[in-house]
Amino acid sequence: MPMFAYQALSRTGDELSGKMRADSTGAVAQALRTEGLRVLQIKERRSGFLGQDNFKDWLATQRSVSTDALIFFYRQMAFMLRAGLPLAECLELAATQISSPRLNLALRKMHGDIEAGKSLSTSLRKHDDVFSDIAINLVVAGESTGELDVIMERLAVHLEKKSQLRKQMINAMIYPVVVVLAAIGVAVFMVTMIIPKFAEFIQGRGRRLPDSTQALIDGAAFLRENGLIIIGSVIVAMILTFIIYKTYKGRRLIDRLLLSTPIFGKMITYGSMAQLNWASSILMRSGITIFDSLKITADLIANKIYSDKLKQASDSVMAGRDLASSITHPKMPTLVTHMIAIGERTGSLDRIQQELGVYYQSLLEIAIKRLSAMIEPAMILVIGGMVGFVYYAFFQALFALAA
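Everything in the sequence shown is counted per the numbering used here, starting at 1126 for the first residue and increasing by one.
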């Protein structure tokens, strides 16, 4: 049971302070009021490992919270709030159902804050490493409108859309990565095991080798002699790229180059537009202003070109410009700006942005399927070409020996 330090006023106005063990700050406050004291402040004393109650809680803070765990939590909260359960009881029940240690710890602390009379949004801000800005701002809106259950449902839907986009991108890259690794493995095996023995056998006959066979042997020798240098150069290039990407200018440059690539540029654009419009529609339907929606959405977009443009657009909107002209950019699809302009004129901006989000998500799904369909035969041709050239060079040499 945790220890709490408190400050309170007696009936005579004297200030008192002390310590008390209890299940939560709410229990301490209730005990003090029962004694006729007016509560001024209650703080939980941290005497455990690195400021936590125990090593288990500290270990929980070192772990991340999965998107699936958050989706389950928001769905659960929406269901319980619609059923009419008090907020404190919802958090208490949710904590018993959550398997994520980090989220479970956050929920237990939030339950204590609610018991102490604090708002849910205030409690969420204490755990901004678990809950995103969009979640905190939507909860603020839900508290003001009394629609917390609706907000929780929207947060679950938002995270599901975001998770779906990420999984689609990952699934699209799994097969190409596996095939590329297999191609590299085949190439290494040939260069280190097959071709050297083949070259030794052919050269031992003292005959002139065909050009294809000689090129194969020379290429394998070059890779064996310079393999470590090539691998080291690739690793250094990757490290330098990572360091450059960590800088503001470097990230903008790389993100701009990525947007200009023929296939992946479109996929990045589709994913960014789906996330931008879907998140904005949820925020605006929940009562968040366009200015705040742009600020929050800018932090959700991974590509720096779009993120910076949204931050600039929020300042333009604050200055009195319309949203469509504020987000206009060479990399911004004209369909988005035109549809947003229509939404502003007709007063249906949130609905139009929701439809745009669904549209661009469908475009992303189509692009991923096309990429997968293109990569499969391309990888087969690469590996088949490598193996085929080795066989060709081998038989050319055999024919030369037999002549």
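C-beta atoms are modelled at their ideal positions from N, C-alpha and C, and glycine is treated no differently.
Note on the segment 1471-1500: there is no whole alpha helix (DSSP H) run with a minimum of 4 residues. With a 10 Å radius around the Cβ and a threshold of 16 neighbouring Cβ atoms, HIS1463 comes out exposed.
If you look at GLY1143, you'll find it in the beta strand (DSSP E) that goes 1140-1146. By the neighbour-count criterion, in which a residue is buried when 16 or more other Cβ atoms sit within 10 angstroms of its Cβ, ARG1279 is buried.
For the pair TYR1300 and ILE1500, the CB atoms are nearer than the 8 Å cut-off. For the pair THR1338 and ALA1498, the CB atoms are not nearer than the 8 Å cut-off. Annotated three-state conformation of PHE1129 is strand, per DSSP. At the C-beta level, SER1441 and SER1432 stay beyond 8 Å of one another. Of the residues PHE1347, ALA1312, GLY1390, PHE1416, the one whose Cα lies closest to the Cα of ILE1508 is ALA1312. Taking one beta carbon from each stretch, the segment 1345-1359 and the segment 1401-1415 have fewer than 3 pairs nearer than 8 Å; the two do not touch. By the Cβ neighbour-count rule, SER1397 is buried, with 16 or more other Cβ atoms within 10 Å of its own.
Straight through space, the alpha carbons of ASP1139 and LEU1284 are spaced by roughly 51 Å. When only Cα atoms are considered, GLY1472 and PRO1502 end up about 48 Å apart. Where VAL1359 is concerned, the enclosing alpha helix (DSSP H) starts and stops at 1336-1371. In this chain, the beta strand (DSSP E) harbouring GLU1169 covers 1163-1169. Counting C-beta atoms within 10 angstroms of its own C-beta, ARG1158 has fewer than 16 neighbours from the protein chains shown and is therefore classed as exposed. When only Cα atoms are considered, SER1142 and GLY1237 end up about 20 Å apart.
Just so you know, the alpha carbons of ILE1369 and PHE1389 end up roughly 20 Å apart. ARG1250 and ALA1241 have their C-alpha atoms roughly 16 Å apart. Distance from the CA atom of SER1224 to the CA atom of MET1318, rounded to whole angstroms, is 49 Å.
For PRO1226, the uninterrupted alpha helix (DSSP H) run begins and ends at 1226-1240, by DSSP. Spanning the alpha carbons of ARG1376 and TYR1395 requires a straight line of approximately 19 Å. The beta carbons of ASN1262 and ASP1417 sit closer together than 8 Å.
The alpha-carbon separation between MET1202 and ILE1465 amounts to approximately 33 Å. In the structure shown, the three-state DSSP call for LEU1210 is coil.
Residue ASP1254 holds the alpha-carbon nearest to the alpha-carbon of ARG1188 among LEU1206, ASP1254, LYS1391, THR1459.
SER1257 sits buried, since 16 or more C-beta atoms from the chains shown fall within 10 Å of its C-beta. Under a 10 Å Cβ-count criterion, ASN1296 is classified as exposed, with fewer than 16 other Cβ atoms of the shown protein chains found around its own Cβ. Taking the Cα positions, ILE1421 is about 43 Å away from ALA1308. Spatial neighbours of THR1150 in its own chain (CB-CB distance under 8 Å, excluding positions within 5 residues in sequence) are listed in chain order as PHE1129, ILE1167, GLU1169, GLY1237, ASP1238, GLU1240, ALA1241. One Cα belongs to VAL1190, the other to PHE1323, and the distance between them is close to 54 Å.
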